[in-house]
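**Student:** Protein chains in written order, with my numbering: chain A, 2 to 141; chain B, 2 to 141.
Each residue gets a CB set at the ideal place from its N, CA and C atoms; glycine is no exception.
Following this message is one structure expressed as structure tokens.
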DNA sequence: CCTCGTTGCTTGAGTGCATCAAGGATCATT
DNA sequence: AATGATCCTTGATGCACTCAAGCAACGAGG
């Protein structure tokens, strides 16, 4: 279990609740991944492969080094969840995509990660809209 | 930079904003720690030492193995931010606490991690209360 | 007292994430 | 062709995390 990010001493209740939310969210994500014997990073990458794409595109989208993606993809490939094929347009590049088993596992992961759905589901449609508006404003 | 936790395909806008919030929060936490040359885990442990406590207490509070805490504390100790002293009540145990330098760094970390403060600050007091109430309800 | 099970922490080994430096292959341009 | 940029991989390193094993000290019962 990754250590929580905070709380530093919180000065307002809203901050404290924000921290709780992030902590519970992150733990739920990790737990859902663990149910499928995936690391959070693996679940993350798997979830971004609705369409085939290059390694570099993944790295940029996820804000990390390309070599990091290489390693994660290598492991996902070893698990049979992902396949790399040469890009016909550019022989330097390799396109990554989910295998059928990868699709299956990704679906089960989405089903297992119920936190966001459940949390939002506790609110009425009006409340959901309010929450969305408030968070958008808070995010600036 | 740690890979983001999500999004799996989001079915509602509220879920998507929730994910954004968590992502931005986590990245801000990591960036604030990096400003002080700390890892997120180190910043987290440092932040929990307002009072001296045993290694086991830390591990339990943070939901991880005691040996994990040992390692993180060893590194913090090497940085001079933390000190371990024998517990006079129980010679098996060791009490960890921040050094003066640790206090200083922790303060600067709290100052550097502006995200939650800033985000909440964008809302009026009324809105902050609404947000708190909504998130509490969502968290169940 | 003195075992004996328990507790508190550390050590060691193993895995994975993350970043950086370096390198090979290919591309695109001149 | 030659050159420089781009795409990706490899290798090395550090940290987080977990598990198994171990040591030292506690506490309770004989």
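1. How far does the beta strand (DSSP E) with residue 85 of chain B in it extend, from its first residue to its last?
2. Take residue 91 of chain B as the anchor and find which of B:106, B:37, B:57, B:139 has the nearest alpha-carbon.
3. Start and end of the alpha helix (DSSP H) containing residue 103 of chain B?
4. Whose Cβ in chain A lies nearer than 7 Å to the Cβ of residue 72 of chain B?
5. Keeping to the same chain, check which residues put their C-beta closer than 8 Å to that of residue 16 of chain A; ignore five residues upstream and five downstream.
6. Counting only Cβ pairs nearer than 9 Å, list the residues of chain B close to residue 48 of chain A.
7. If distances are taken between C-alpha atoms only, which option among A:5, A:95, A:118, A:121 comes closest to residue 71 of chain A?
8. Looking at the strands, I want to know which residues DSSP matches up with residue 96 of chain A.
9. For the candidate residues B:29, B:24, B:20, whose alpha-carbon lies nearest to that of residue 118 of chain B?
10. Among B:6, B:36, B:13, B:41, which residue has its Cα nearest to the Cα of residue 24 of chain B?
11. Report the three-state DSSP secondary structure of residue 91 of chain B (helix, strand or coil).
12. Given a threshold of 16 other Cβ atoms within 10 Å of its Cβ, counted over all protein chains shown, does residue 41 of chain B qualify as buried or as exposed?
13. Using a Cβ-Cβ cut-off of 9 Å, state whether residue 2 of chain B counts as contacting chain A.
14. Whether or not the stretch 44-54 of chain A and the stretch 101-108 of chain A are in contact is what I'm after, with contact meaning three or more pairs of Cβ atoms, one per stretch, closer than 8 Å; do they touch?
**Tutor:** In this structure, then:
1. Taking the second chain and counting its residues from 1, the one referred to as residue 85 of chain B is at position 84. Run containing residue 85 of chain B: 83-88, per the beta strand (DSSP E) assignment.
2. On the second chain, position 90 is the one that residue 91 of chain B refers to. For residue 91 of chain B, the nearest C-alpha among the options comes from B:57.
3. The residue given as residue 103 of chain B occupies position 102 in the second chain. Counting along the chain, the alpha helix (DSSP H) containing residue 103 of chain B begins and ends at 101-113.
4. One-based indexing of the second chain puts residue 72 of chain B at position 71. Per Cβ cutoff of 7 Å: no residues; residue 72 of chain B is ~12 Å from chain A at best.
5. Counted from its first residue, the first chain places residue 16 of chain A at position 15. The residues are 8.
6. By one-based count along the first chain, residue 48 of chain A stands at place 47. Within chain B, the residues near residue 48 of chain A are 7, 8, 9, 10.
7. The residue labelled residue 71 of chain A in the question sits at position 70 within the first chain. Residue 71 of chain A has its Cα closest to that of A:95, out of A:5, A:95, A:118, A:121.
8. For the purposes of this step, residue 96 of chain A is taken as residue 95 along the first chain, with counting starting at 1. According to DSSP, which records beta bridges pairwise, residue 96 of chain A is partnered with A:55, A:86.
9. As a first step, residue 118 of chain B is located in the second chain; it is residue number 117 there, counting from the start. It is B:29.
10. Here residue 24 of chain B refers to the residue found at position 23 of the second chain. For the residues B:6, B:36, B:13, B:41, the minimum Cα distance to residue 24 of chain B belongs to B:6.
11. Walking along the second chain from the start, residue 91 of chain B turns up at place 90. Correct three-state label for residue 91 of chain B: strand.
12. As a position in the second chain, residue 41 of chain B is number 40, starting the count at 1. Counting Cβ neighbours within 10 Å, residue 41 of chain B comes out buried, since at least 16 surround it.
13. To locate residue 2 of chain B, count along the second chain from 1; it is residue 1. Yes - at least one Cβ of chain A is within 9 Å of the one on residue 2 of chain B.
14. yes
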